[in-house]
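Student: Sending over a structure as structure tokens; questions will come in a sec.
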Amino acid sequence: VQLQASGGGSVQTGGSLRLSCAPSVDITSENVMGWYRQVPGKQRESVASIRNSDITHYAASVKGRFTISENNVKNEVYLQMNNLKPEDTGVYLCFYKPTLAGSYYWGRGTLVTVSS
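Here the sequence shown stands for residues 1399 to 1514, where the numbers follow the working numbering.
In structure tokens:
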């Protein structure tokens, strides 16, 4: 499985960005997709995930500001990031799992920089 990730960039505090991730296989109800965030010197952190189009999970630090969604027509997953904070800065890694217990497939990391 290959993942095509896009989006990211640089914004000021309070700004918004959207990340996209498209797998090379059709998204099914069993798949799990989402993003992790990597910051130098810190452990990779789960940011958000989605399964079956409407089962979502968020890190406490982003809940209420980030929204993950799935577009089954375009076969893409999106992470809408609003009210961004400097601590959201990092490399965001899209992932795909065929099932909950399956292995991770990773996309190219995209850099998000939030300046104060």
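Ideal Cβ positions, reconstructed from N, Cα and C, are used throughout, including at glycine. Note that the structure is predicted; figures quoted are calculated from it, not measured.
Can you name the residues that DSSP bridges to residue 1453?
Tutor: In the sequence shown, residue 1453 corresponds to position 55, counting from 1. Paired residues: 1449.
Student: Three or more beta-carbon pairs under 8 Å between the stretch 1445–1452 and the stretch 1426–1433, yes or no?
Tutor: Yes, the stretch 1445–1452 touches the stretch 1426–1433.
Student: From the DSSP secondary-structure annotation, give me the bridge partner or partners of residue 1405.
Tutor: Indexing the sequence shown from 1 puts residue 1405 at position 7. Paired residue(s): 1417.
Student: Are at least three pairs of beta-carbons, each pair with one atom in the stretch 1464–1484 and one in the stretch 1498–1505, less than 8 Å apart?
Tutor: Because the criterion of three Cβ pairs below 8 Å is not met, the stretch 1464–1484 and the stretch 1498–1505 do not touch.
Student: Give the secondary structure of residue 1443 by DSSP, where H, G and I count as helix, E and B as strand, and everything else as coil.
Tutor: Locating residue 1443 in the sequence shown gives position 45, counting from the first residue. Residue state, collapsed to three classes: strand.
Student: Measuring straight from C-alpha to C-alpha, what distance separates residue 1424 and residue 1401?
Tutor: Position 26 of the sequence shown, counted from the first residue, corresponds to residue 1424. Position 3 of the sequence shown, counted from the first residue, corresponds to residue 1401. Looking at the two C-alpha atoms, the distance is approximately 11 Å.
Student: Report buried or exposed for residue 1477, applying the criterion of at least 16 other Cβ atoms within 10 angstroms of its Cβ.
Tutor: Sequence index remark: in the sequence shown, residue 1477 carries index 79 (1-based). Buried.
Student: So, with DSSP's three-state summary, where would you put residue 1468?
Tutor: The residue you call residue 1468 lines up with position 70 of the sequence shown. Strand.
Student: Under 6 Å Cβ to Cβ from residue 1419, same chain only, skipping five residues before and after it: list those, please.
Tutor: By 1-based counting over the sequence shown, the position of residue 1419 is 21. Correct list, in chain order: 1401, 1403, 1475, 1492, 1505.
Student: Quick check: the Cα distance between residue 1427 and residue 1450, rounded to an integer number of angstroms?
Tutor: Stepping through the sequence shown from its first residue, residue 1427 is reached at position 29. Stepping through the sequence shown from its first residue, residue 1450 is reached at position 52. Answer to the nearest angstrom: the Cα atoms are 4 Å apart.
Student: Helix, strand or coil: how does DSSP classify residue 1474 here?
Tutor: The residue you call residue 1474 lines up with position 76 of the sequence shown. Here residue 1474 sits in strand by DSSP.
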